[in-house]
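Numbering-wise (the working numbering), the sequence shown opens with residue 63 and increments by one.
Ideal placement from N, C-alpha and C gives every residue a C-beta, glycine not left out.
Written out below as structure tokens is the structure these notes cover.
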Amino acid sequence: MEGRGYLGKMTLTSPKDDVDKLCLRSYNNCIYVFSFEDNLPGGLRFGDQLLRIKDECVTGLPTEKVIEYCKQLSGTCEVCARPG
């Protein structure tokens, strides 16, 4: 995730556990990582915008729906994000 606007793909090893660590928030119909912790799951950082989790586009979804979706996933899944 070198430059602004670069679309990155990461892997969450346990989405149902990782989603709480990310502290997701919604702003202007987009889902953002709102955790200031270092070493977040998948290499995500504060301000990264989540675009897709596994096969689900999360843009325009409420935060609660995204969290609910992640809580249903088991195993690893790919996440697409735009750096903040």
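- When DSSP states are grouped into helix, strand and coil, Leu135 belongs to the coil group.
- In the three-state reduction of the DSSP assignment, Lys116 falls in the coil class.
- Cys139 sits buried, since 16 or more C-beta atoms from the chains shown fall within 10 Å of its C-beta.
- Under the 10 Å beta carbon count, Cys132 is surrounded by 16 or more other beta carbons and is classified as buried.
- Rounded to the nearest angstrom, the gap between the Cα atoms of Phe108 and Gly146 is 7 Å.
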